[in-house]
Amino acid sequence: MLRVPKQVTLNLALLSRIEVLKNSGYLMLAKLFVRVVSVPFLLYVAATLGPSLFGVFSFVLATVEMVSSLGDFGLSRYGTRFLVREEKDQARFVGILLSLQVFTSVVLAGGGLIVVLIARPDSPKMQVLLLGLGAVLLSAFVYTTETIFTAAKNFAASALFAILGRLVYLVAGFTVLGLGYSVVAVMWAYLASMAIESLVRMSYVITKVTRFSFKFTWDDTKKVGRGTLPFAATALATLVYYRADTIIMEIIRGDADVGIYSAAYSFFSFFVWVPIVLSRALLPVLTARYRDNPAEAEYASWYWYRLAGVTGVAVAFIMTMLAGPIIDTLMPNVYSESVVTLRILMWAIPTLMLVSMSFNSLTVRDKEKKGAHTSAFAAVMIVAMDLALIPRYGPRGAAVAMVVTTALWSALTYILLSKYVFAAQHRLYRTFSMPVIGGILMTGAALVVSSAGIAFSLVAGLAVYGATVLVLRALEHKHRDQHGRVA
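Following the working numbering, the numbering of the sequence shown begins with 35 at its first residue and continues without gaps.
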């Protein structure tokens with residue numbers, strides 16, 4: 035066992051906390067901007083198309099996201115780690131990366147085309163699905179450039195291009211809906227925005243970041259392919275975790291319930307991006323630091339893990355309180371059931387943030403295969419729970435399935451962290467007890483003043499939670515030093 039030196043634990047600046055926050059800030063501002071400017075469009079689409087057609091649109095976007103992520107094949111995380119660790123032959127490696135991304139996207143798009151032609155769904159779902167397959171092909175260029183930007187810590191460019199693509203989509207989408215066109219035209223707008231974003235991204239990378247060399251051998255390609263397998267397994271399982279509910283609900287309950295669930299999920303998904311963004315910003319920093327100073331990197335992993343859990347509880351509480359006013363104000367009355375669904379979904383955020391931080395710590399220690407096992411469990415678990423709960427409870431059942439699955443998933447990843455990253459002294463109750471105690475007291479304070487209105491309840495709850503975190507010293511160095519060992 036290696037004890038973290040005191041000077042390391044007292045000097046987290048060495049881990050570039052400011053750098054991590056700055057980089058994640060770029061991505062979060064981009065996501066926030068995209069989400070804020072997208073809300074009027076989503077409301078317009080939902081109101082114009084109605085729950086059924088909006089459900090079709092949401093179902094196809096979920097399918098495109100699932101297939102595109104599967105096409106990534108874990109190449110993004112593997113590629114980021116490789117580019118940070120290895121400074122030689124980067125042009126050749128990104129050439130292999132792009133080739134594999136394009137190959138997997140073509141294979142999956144071709145497979146999807148066969149499935150669509152065999153199933154022959156009713157119009158307009160078939161047309162929208164066919165356009166979605168075009169988006170799957172273009173995703174290869176987006177994923178490749180995102181990997182390069184992440185490894186180079188060029189998060190400003192990543193944020194800029196994400197905003198550009200979304201603005202093109204929104205302008206085109208508003209235009210076609212305003213002209214009286216329906217869901218197929220909206221999907222054309224989505225495809226056009228991806229084409230423009232992909233073209234601009236690739237042009238920037240080639241001229242400003244790195245060239246692509248395609249002078250590589252079949253053995254080079256096989257080596258990269260084998261290296262990505264654990265990441266691919268995790269990516270596939272995570273994708274099932276995020277999107278199985280929508281697919282299953284479409285099959286069992288139909289378009290209308292998918293529309294209700296997607297309305298809640300559209301608000302929930304922004305907060306899902308918080309741990310994803312932090313994970314992306316942290317990965318290249320932790321990888322480089324682990325290469326140079328393993329003790330420092332491992333200690334920082336513990337810091338960010340605790341911070342994620344403490345923050346997640348507060349975020350879930352805020353959105354639980356605000357779900358009703360937000361949806362009642364912004365969505366038509368037909369989406370009223372989305373309120374309860376969103377309130378349930380938000381309580382997956384705290385443990386989901388812990389899972390994201392866990393995978394970073396496992397990746398920098400080359401333990402991604404262990405993480406893949408827990409992801410497979412989460413995928414099987416959520417499918418089983420969705421099949422059990424959605425037929426009877428619909429969108430609410432899907433939300434409960436996600437919360438329960440995420441809690442179990444985070445417990446499994448914590449066991450791995452205790453074995454491979456943190457010392458055995460890190461007991462489960464020590465990790466989770468303080469956020470839980472704070473959450474209980476926060477909820478109690480909100481209930482006590484609930485008659486005074488939501489604003490008072492929010493302020494009172496957050497004040498009590500913040501005080502609890504301070505009193506229990508949840509993030510202080512002295513507290514962490516008592517458990518600050520790494521393997």
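The beta carbon of each residue, even a glycine, is placed where N, CA and C say it ideally should be. Predicted, not measured: the structure shown is a model, and the values here were computed from it.
Just to check my reading of the structure: residue i and residue j have Cβ atoms closer than 8 Å, yes? What is that Cβ distance to the nearest angstrom?
i	j	result
A435	T375	Contact doesn't hold; Cβ gap of about 12 Å is too wide.
Y299	L379	7 Å
V386	V306	Rather than Val, the amino acid found at residue 386 in this sequence is Leu. Correct: roughly 7 Å between the Cβ atoms.
V140	L171	7 Å
V150	V94	Not confirmed; about 11 Å, so no contact.
A412	W443	4 Å
A191	Y238	6 Å
W222	L165	6 Å
P469	V344	5 Å
S247	M355	At roughly 53 Å, the Cβ-Cβ gap does not stay under 8 Å, so S247 and M355 are not in contact.
Do you know whose CA, among the options, lies nearest residue i's CA?
i	options	result
V368	K159, Y295, P384, L317	Y295
A80	L63, G207, N188	G207
V258	L270, L142, A143, T114	T114
L312	F265, A267, P328, M391	M391
P328	G146, Y454, D123	Y454
G84	A290, A143, V220	A290
D156	Y339, S86, T439	S86
L109	F302, T255, W336, V68	T255
I148	T138, L134, L167	L167
V98	Y215, V274, T179	V274
F137	Y177, A125, L164, L117	Y177
V319	S484, W338, Y224	W338
L117	K249, D106, F107, A185	A185
M283	A480, R260, Y427, V482	Y427
L341	L388, Y324, L364	L388
F88	A223, V217, L211	V217
I361	W252, F301, R314	F301
A501	V437, A486, L164, M476	M476
G199	F67, G473, A479, G343	F67
R507	S485, S467, A445	S467
Y499	G473, L364, G487	G473
M236	A422, M355, V373, F183	F183
T181	Y112, K249, V483	Y112
T408	A441, S491, R399, I197	A441
Y393	L421, M353, L423, T321	Checking the sequence, you will find Phe at residue 393 rather than Tyr. Taking only the C-alpha atoms, the option nearest F393 is T321.
R126	A479, K249, L423, A297	K249
Under a Cβ-count criterion, where at least 16 other Cβ atoms within 10 Å of its own Cβ denotes burial, should residue i be classed as buried or exposed?
i	result
E231	buried
D326	exposed
K159	buried
L317	buried
F189	buried
T209	exposed
P74	exposed
V505	exposed
V503	buried
T268	buried
A458	The predicted model places A458 with a pLDDT of 43, which falls under 50 and marks its position as unreliable, so this point remains unresolved.
E120	exposed
R154	exposed
W336	buried
M35	Confidence is the limiting factor: at M35 the pLDDT is only 33, short of 50, which leaves the residue's position unreliable, though a coordinate-based value still follows. Under this definition M35 is an exposed residue.
L481	exposed
P264	buried
T397	buried
V70	exposed
W381	buried
A143	buried
L76	buried
P359	exposed
P425	exposed
S102	buried
A271	buried
S485	exposed
K187	buried
I383	buried
R399	buried
Looking at the ligand ATP, does it come within less than 8 Å of residue i, judged from the CB to the closest heavy atom?
i	result
D400	Absence of the ligand ATP from the depicted structure is noted, as is the absence of any ligand whatsoever, leaving it without description.
Contact between the segment 122 to 130 and the segment 329 to 340 (3+ Cβ pairs under 8 Å):
no
Inter-stretch contact (C-beta, 8 Å, three-pair minimum) for the segment 266 to 280 and the segment 398 to 417:
yes
Does the segment 162 to 182 come close enough to the segment 222 to 239 to have 3 or more Cβ pairs within less than 8 Å?
yes
Does the segment 493 to 501 touch the segment 343 to 363, meaning 3 or more C-beta pairs lie closer than 8 Å?
yes
Contact between the segment 401 to 415 and the segment 242 to 253 is defined here as three or more beta-carbon pairs at a separation below 8 Å; is this criterion met?
no
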